[in-house]
Every structure is written in structure tokens, then in C-alpha cells.
Amino acid sequence: MTVPALPTGLFGPDYYQDPYPAFAWLRDNAPVHEFRFPVGDVRTWIVSRFEDVHALLGDSRFSNDAEAYASREFIDSGMVMGADTVVSRILTVLDPPDHTRVRKLAMGAFTPRRVAQWREPTERIVAASLDRLAESERPDIVDYASAIPAAVIGEILGIPFSRYNDMIHAIDRAFRPNDDKNVVTRAFEEIAEYGRDLIKEKRGMLGDDLMSVFIQARDGDDRLDEDELVAMLALMIMAGLDTTRNLIGSAVLALLDHPEQRKLLMGDPELVPGAVEEFLRYEGALTVGLFRFAKEDMEFAGTHLPAGAPVVAALQSANRDPRRFENPDVLDITRKGPRHVGFGHGLHNCLGAALARIEAGVAIPAVFERFPDIALAIPRDEVAYAENWLLRGLASLPVHLNTPGR
Ligand code: HEM
């Protein structure tokens with residue numbers, strides 16, 4: 033019997049707009065699928081079933097550390113994040129025991145008591161962002177969704193806003209694909225320089241903010257060294273901005289698409305925490321996780337992987353796997369039952385999940401409370417997702433805030 037071909041090319045224009053037909057095909061026909069990753073044109077494997085994604089993220093035979101384990105082809109393709117700079121040693125790429133040590137120090141900044149204190153600034157920032165949205169001539173939910181995590185992270189890190197913006201711009205340059213690798217390396221060096229200056233400033237006036245906690249983070253006699261501190265600062269900004277923005281944008285769209293779910297949510301604030309979990313499952317902020325690399329030749333889920341094989345876990349495919357979730361393509365904010373992998377799983381699971389949950393839980397319902405008549409300002413089929421292999425987020429979401437007659 034011949035198997036029909038993949039409905040859309042992986043990581044191509046159609047896939048970016050709607051990856052779910054390709055994911056359904058992969059889950060049914062090739063759950064560990066070999067292909068050439070178009071960015072860098074590298075031999076890669078993609079894992080699509082929930083069970084396998086979960087197993088991959090918890091399997092110590094894989095490493096996130098490209099410099100130590102990736103195939104020569106992957107390294108030569110220029111895909112190693114922040115190569116030759118401190119960013120190449122951020123928490124997300126470390127293996128134990130380094131990962132264990134740095135993650136433990138970082139966890140000290142995310143204690144439940146501290147995270148609970150971030151609700152009040154988040155509510156204040158959301159209210160101000162709604163005011164700005166109301167005044168905007170061309171209101172766009174993606175602008176609203178971008179402003180919130182940027183302001184929240186800046187405030188909880190305790191970094192003056194102008195310097196913080198410089199850092200965001202440098203990070204933007206560092207991650208934009210650029211054939212001139214020197215431009216990218218310079219941007220990463222700039223991040224490191226900003227980071228070092230900020231740390232020096234902060235050391236003179238330690239407070240109760242997150243940066244001060246990182247500077248003072250201690251585990252016995254252990255501390256984050258200077259490079260680790262810079263990497264941590266860059267990581268917070270990289271991991272905490274677009275992710276949260278994407279979740280807010282996609283969730284607002286999901287509620288515009290599903291008026292009955294929106295009505296349900298607005299009628300009962302107790303549903304908010306469960307709704308946030310459902311938004312993370314239904315249209316999470318990362319389409320796939322970061323690359324993993326096979327540390328040795330191995331069998332994984334019935335497939336042979338050579339040492340160095342780059343493997344991606346399709347998180348959004350796992351979250352829509354009917355083997356795991358009943359009616360997975362249906363948005364149901366009252367859904368009970370199995371957990372999603374929208375925050376990853378295992379060693380590298382999301383450190384900022386509690387903060388992200390607060391931000392989403394405040395920012396998403398607030399839009400509909402403030403603007404009960406909100407509606408899309410463009411035809412539904414013109415709503416587009418950004419073409420980004422890692423993150424799943426809307427390019428823009430123009431809205432009418434007060435639609436007469438609705
Ligand atoms: C909706 C918002 C967010 C989503 C959906 C999200 C999702 C994720 C996912 C899926 C991972 C694992 C990636 C992998 O294993 O390949 C991750 C890791 C991480 N996230 Fe988040 N994240 C969000 C917000 C945040 C925020 C606000 C912060 C911090 C301020 C943060 C900090 C981190 C860090 C530090 C890691 C790496 C942890 C490690 O390697 O041990 N995230 N996140």
C-alpha cells in the first residue's frame with residue numbers, strides 16, 4: 033500500500049500557517065521522521081507522538097549541548113546558538129551536573145513567595161497596556177501582547193527600561209538569520225557587554241529584584257560566576273518575551289474564534305487557570321522544542337539514530353495527539369485530564385512557567401472584560417502566523433475594540 037505524501041513540507045510556508053495536517057500525517061505514518069531541516073539544510077529527525085515526545089524530553093541519552101554532541105553537519109551549518117560567546121553556555125544547553133547546579137541557583141529566584149509578588153505589577157502593567165490599546169489608532173492584540181511581558185520582565189529583573197530595550201535590540205539582531213556571522217557574534221558580544229555593565233551597576237545597589245537574587249544566588253559556597261550571570265540575564269529576556277506574547281495573542285484569537293468558550297470564561301473567573309492550560313495545549317507558544325542531540329548510536333521509538341543526530345520534539349503535535357487527548361482539535365477550557373507539554377518536560381522544563389501562568393491569566397481575560405465588543409478587523413483567513421521554526425505566534429492581530437451592533 034502506498035502512503036500519501038506529507039500534506040505540507042515541514043517548516044515551509046504552508047506549515048507555518050497550519051502545521052496540524054503535517055503533524056497528523058507524521059503521527060500516523062512516521063512518528064520518528066527523518067528529513068532535511070531547511071534552516072541550515074541539516075539531516076534531522078522530528079518526533080511527533082505525545083508518548084515519544086515525552087520520552088525524548090526525559091531521556092538522558094540525549095543532550096541539548098550542540099557543541100559537545102551535535103553532528104559535524106549541524107555545527108558547520110551555523111545553527112549553534114550564540115556560538116563562541118557566553119550565550120552558548122546558557123542553562124537550556126547545559127547537561128548535568130552543570131545544569132543541576134545553575135538551575136538550582138536560578139530556582140531560588142522563582143520561589144512561590146516571590147512569584148506570588150509578581151501578580152500585582154502584572155495587573156498594573158496589563159491595565160496600562162489596555163489603556164494604550166484603547167488609545168491606539170490601529171489596535172493590534174500582538175502589540176498589546178508584546179508590551180506586557182517586556183514591561184513585566186524589565187520590572188521584576190529590576191533593570192532600567194532604556195538599558196533593557198538596548199538588550200532586547202541586541203538579542204533581536206543576534207537571532208535574526210544573517211549570512212554574515214560576524215554581525216551575529218558582535219550582537220552576542222554586545223549582549224555580554226550590556227550584561228556585565230548592568231551587573232556592575234546592580235552590585236552597588238542590591239534590592240529585592242530578580243537580578244539581585246541572581247547576583248546573590250548561593251548554594252553553599254557556590255555562586256553563578258560572571259559569565260553565568262550574563263547568560264542568565266540574556267536567557268530571562270530571550271525565554272520570557274516572545275513566548276508569553278505568543279500565548280496571549282493565540283489565546284485571544286482562539287476566544288474570538290470560539291464565542292461560546294469566551295462566554296463561559298467571562299462568566300466564571302474560576303475557570304481562568306484551567307483555560308490557561310488549555311490555551312497552552314491548543315496553541316502553545318513553541319511549535320517544537322530546542323534541538324536535542326543523540327549522545328550515542330541508539331534505538332529510539334523503533335528508529336535507529338546515529339550519534340550526533342539532531343532531533344526535534346514537536347510539542348504542538350504532542351499536544352494535539354488523539355492517542356493522548358480526547359477531541360484534541362477542540363478548544364475546551366473546562367477540559368480535565370492529562371497534562372500537555374506546552375512548558376516542555378524533564379530537566380529543561382520551563383523555569384518561568386509560574387510567571388507565564390500569571391501573565392496569561394491576567395492579560396487574556398482582561399481584553400474581553402475591557403472590550404466586550406472586540407472583533408477581528410481583518411478577514412479571518414488573512415490572520416497570519418510568523419514564520420519562525422521554534423516559536424508559534426501571530427504576526428499581527430488587528431481588531432476593532434468596539435464593534436457597533438454586536
Ligand atoms: C507562555 C509562556 C512560556 C512558554 C509556553 C514557555 C515554554 C517553555 C518550554 C517548552 C521550555 C522547554 C524547551 C525545551 O525543553 O526545548 C521552556 C524552557 C525555559 N523557559 Fe519557558 N516558557 C514561557 C515563558 C517563560 C518565562 C516568562 C520565563 C522566565 C522569565 C521562562 C524561562 C524559561 C527557562 C529559563 C527555560 C530553560 C530551563 C532549563 O533549560 O532548565 N519561560 N519554556
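The sequence shown begins at 33 in my numbering and counts up by one. Don't be surprised by glycine CBs; every beta carbon is placed ideally from N, CA and C.
Cβ of residue i within 7 Å of Cβ of residue j?
i      : j      : result
Ala341 : Val320 : no
Thr40  : Tyr47  : yes
Met111 : Gly140 : no
Val304 : Gly393 : yes
Asp97  : Val125 : yes
His131 : His377 : no
Ala409 : His432 : yes
Leu267 : Leu189 : no
Arg59  : Asp353 : yes
Pro430 : Asp172 : yes
Ile365 : Leu297 : yes
Leu42  : Phe67  : yes
Pro338 : Arg356 : no
Leu387 : Tyr314 : no
Ser95  : Tyr101 : yes
Leu423 : Asn214 : no
Ala206 : Val216 : yes
Just to check, is the beta-carbon of residue i closer than 6 Å to a non-hydrogen atom of the ligand HEM?
i      : result
His372 : no
Arg135 : yes
Leu448 : The first residue shown for the chain is 33 and the last is 438, placing residue 448 beyond what the model contains.
Met268 : yes
His432 : no
Thr124 : yes
Ala388 : yes
Thr276 : yes
His86  : no
Ala271 : yes
Leu322 : yes
Gly186 : no
Gly227 : no
Phe375 : yes
Gly384 : yes
Leu285 : no
Leu318 : yes
From the DSSP output, in three-state form, read off residue i for me.
i      : result
Phe311 : helix
Asp259 : helix
His65  : strand
Met111 : coil
Ser428 : coil
Met237 : coil
Arg250 : strand
Leu423 : strand
Phe375 : coil
Glu94  : Rather than Glu, the amino acid found at residue 94 in this sequence is Phe. Phe94: strand per DSSP, three-state reduction.
Arg438 : Its pLDDT being 44, under 50, Arg438 is placed unreliably in this model, and the coordinates cannot settle the point.
Ala407 : strand
Leu230 : helix
Asp60  : helix
Leu318 : strand
Asp172 : strand
Go to residue i, then tell me how far its alpha helix (DSSP H) extends in each direction, as first and last residue.
i      : result
His131 : Asp130 to Met139
Thr275 : Asp274 to Asp289
Ala398 : Ala385 to Arg402
Thr154 : Arg151 to Glu167
Phe82  : Phe82 to Leu89
Tyr45  : Note on residue identity: the sequence assigns Pro, not Tyr, to residue 45. Pro45 to Gln49 is the extent of the alpha helix (DSSP H) around Pro45.
How far does the beta strand (DSSP E) with residue i in it extend, from its first residue to its last?
i      : result
Val79  : Val74 to Val79
Ala326 : Arg324 to Ala326
Length at least 3, wholly inside the stretch 332 to 370: the beta strand (DSSP E) runs in chain order:
335 to 337 and 342 to 345
Entirely within the stretch 184 to 223 and at least 3 residues each: give me those beta strand (DSSP E) ranges in chain order.
none
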